[in-house]
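One structure is given here, and the rest of the page talks about it.
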DNA sequence: GTTCAGATGTTCCAATCTGTAATATTGAGG
DNA sequence: CCTCAATATTACAGATTGGAACATCTGAAC
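Protein chains in written order, with this note's numbering: chain D, 2 to 182; chain A, 2 to 182.
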């Protein structure tokens with residue numbers, strides 16, 4: 002490989018292994034209800050990523066030349082190999098988080114007028130947001146689409162624990178907002 | 002405000018409230034051992050963000066015209082107001098996660114030769130990475146720089162719980178790697 | 001069978017962001 | 001005074017972002 006592929010490339014390769022012949026659009030939908038939970042990824046990026054992978058010969062593309070002009074993608078042998086190589090490669094990468102709610106909490110100054118109110122409201126919003134997420138995950142589990150003991154079920158387990166943890170945290174904040182500077 | 006400010010703008014404003022007269026470089030250092038844990042933010046972005054905020058009149062800048070040419074930043078009254086407004090504004094934003102380790106786990110196929118080995122190794126790497134993070138956080142707590150009951154201590158608490166949760170998760174994976182498809 | 005809303009699907013784009021390298025200064029230690 | 005590490009800013013090519021624009025298909029209701 003000349004330059005190493007971005008992670009999003011592996012997301013495409015990984016999904017294609019299971020869903021050969023999918024369109025970028027379809028991949029986007031799958032991402033949004035699985036991987037999207039721990040790897041955000043805007044739709045437009047998928048089309049760009051597909052182009053790049055085609056250029057590198059890791060996937061093959063067939064585009065309808067009328068109608069919806071669907072682009073159906075499939076792994077090449079090289080793509081399959083590259084995916085395997087990646088899956089077997091060590092990574093020192095650490096989880097990265099973006100949480101606007103925590104940021105707002107961080108910057109609160111308990112000395113400000115209304116800070117306690119702001120924090121309580123913030124906590125309530127965040128509880129709702131995380132409960133919403135948790136409900137989605139629970140639904141996914143209940144749907145039975147994930148085999149117990151599968152890697153997909155395992156990653157979802159992280160999602161469940163994470164959401165529960167965050168709900169617990171924000172409940173504590175709501176009950177007793179930070180008061181010290 | 003014409004267009005809403007990006008979150009990173011509020012990071013700058015929020016830090017400046019506590020550290021008036023800081024340089025972008027100094028802000029970067031502070032970010033890397035506090036907010037950076039839940040809001041990633043490359044250094045170069047800070048300089049660009051400072052420019053933007055100056056243009057909008059939310060911060061004032063004084064640059065030394067010799068030596069290190071330090072740019073010292075401080076909040077204007079408008080900047081202060083904007084920060085306050087933001088802190089008091091509701092947000093529906095949900096936490097976003099980027100975790101390459103989980104991604105690799107997600108894409109494992111227990112049918113592949115060596116999958117169990119890959120997963121065990123992955124789990125071990127991740128345990129180390131998360132333990133490293135946890136150690137940093139513990140150190141921060143031990144340093145006594147964060148008052149108990151402060152918003153900053155509260156957000157760090159999330160970091161602690163998160164890392165412990167992830168360590169627990171990966172230990173389970175190491176002990177019994179997913180085996181089902 | 002027509003119509004319409006909503007889902008499917010791709011393309012385009014300006015603005016922004018990213019990572020990294022280049023440049024220069026200062027301070028500490030030998 | 002020399003050197004190394006830390007401090008500090010600038011520059012910038014390439015990638016990414018989010019959204020809007022565009023077009024097609026499906027199915028339900030009438």
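Virtual Cβ for every residue (Gly too), placed ideally from N, Cα, C.
Can you name, in chain order, every residue of its own chain whose Cβ lies under 6 Å from the Cβ of residue 156 of chain A, other than the five neighbours on each side?
none
Output needed in chain order: residues of the segment 101 to 114 of chain D with a Cβ under 8 Å from some Cβ in chain A.
101, 102, 103, 104, 105, 106, 107, 108, 109, 110, 111, 113
Would you list the one or two residues that DSSP bridges to residue 61 of chain D?
D/75
Could you name the residues of the segment 67 to 84 of chain D whose beta carbon sits closer than 9 Å to any beta carbon of chain A, in the order they occur along the chain?
84
Taking 7 Å as the cut-off, is the CB of residue 164 of chain D close to at least one heavy atom of the ligand MN?
Within the structure as shown, the ligand MN is missing, as the structure has no ligands at all.
Report the CB separation of residue 135 of chain D from residue 153 of chain D in whole angstroms; it is logged as a contact under 8 Å.
Rounded, the Cβ-Cβ distance is 17 Å, inconsistent with contact.
Leaving aside the five residues before and after residue 125 of chain A along the sequence, list all residues of the same chain whose C-beta is less than 7 Å from its C-beta, in chain order.
175
Proximity winner among D/24, D/23, D/48, relative to residue 9 of chain D (alpha-carbon distances)
D/48
Closest to residue 114 of chain A by C-alpha separation, out of D/66, D/85, D/26, would be which residue?
D/85
Would residue 150 of chain A count as contacting chain D if we go by Cβ distances under 8 Å?
yes
What do you get for residue 118 of chain D, buried or exposed, if any count of 16 or more other CB atoms within 10 angstroms of its CB means buried?
exposed
Quick check on DSSP: helix, strand or coil for residue 182 of chain D?
coil
Under the three-state DSSP convention, the category residue 20 of chain D falls into:
coil
How far does the alpha helix (DSSP H) with residue 32 of chain A in it reach, from first residue to last?
25 to 33
Listed from N- to C-terminal order along the chain, which residues in the segment 3 to 20 of chain A have their beta-carbon within a distance smaller than 9 Å of any beta-carbon of chain D?
8, 11, 12, 14, 15, 16, 18, 19
Would you please verify whether the beta carbon of residue 174 of chain A is less than 8 Å from any beta carbon of chain D?
yes
Check the DSSP bridge columns for residue 98 of chain D and list the partner residues they point to.
A/98
Tell me, please, which residues DSSP counts as bridged to residue 40 of chain D.
A/99
Unbroken alpha helix (DSSP H) run spanning residue 150 of chain D, endpoints:
Note, residue 150 of chain D: premise wrong, no alpha helix (DSSP H); not H, not E.
By Cβ distance below 8 Å, which residues in the same chain neighbour residue 186 of chain D in space, the five residues on each side in sequence not counted?
No statement about residue 186 of chain D is possible, as the shown extent of chain D runs from 2 to 182 and does not include it.
Can you confirm whether the segment 88 to 107 of chain A touches the segment 92 to 106 of chain D when touching is taken to mean that 3 or more C-beta pairs between the two stretches lie within less than 8 Å?
yes
I'd like to know if residue 34 of chain A contacts chain D, where contact means its C-beta is closer than 8 Å to some C-beta of that chain.
no
Rounded to whole angstroms, what is the Cα-Cα separation between residue 68 of chain D and residue 60 of chain D?
23 Å
Residue 63 of chain A to residue 28 of chain A, Cα distance in whole Å?
15 Å
7 Å Cβ cut-off: residues of chain D touching residue 156 of chain A:
103, 106, 107
Please classify residue 2 of chain A: is it buried, with 16 or more other beta-carbons within 10 angstroms of its beta-carbon, or exposed?
For residue 2 of chain A, the predicted structure reports a pLDDT of 45, less than 50, and the residue's modelled location is therefore unreliable. A value from the coordinates is still provided. So residue 2 of chain A ends up on the exposed side.
Chain D partners of residue 25 of chain A, CB-CB under 7 Å?
Those within 7 Å of residue 25 of chain A in chain D number zero; the least Cβ separation is about 18 Å.
Indicate the three-state DSSP secondary structure (helix, strand or coil) for residue 118 of chain D in the structure shown.
helix
Let me make sure I understand the geometry here. Which of A/18, A/182, A/40 has the alpha-carbon closest to that of residue 146 of chain D?
A/182
Measuring only between beta-carbons, confirm whether residue 22 of chain A sits less than 8 Å from chain D.
no
Reduced DSSP secondary structure (H/G/I, E/B, other) of residue 144 of chain A
coil
Let me know the secondary structure DSSP gives residue 169 of chain A once reduced to three states.
helix
For residue 178 of chain D, which residues of its own chain have a beta-carbon under 7 Å away from its beta-carbon, when the five flanking residues on both sides are left out?
117, 120, 121
Is there a C-beta anywhere in chain D that falls below 8 Å from the one on residue 162 of chain A?
yes
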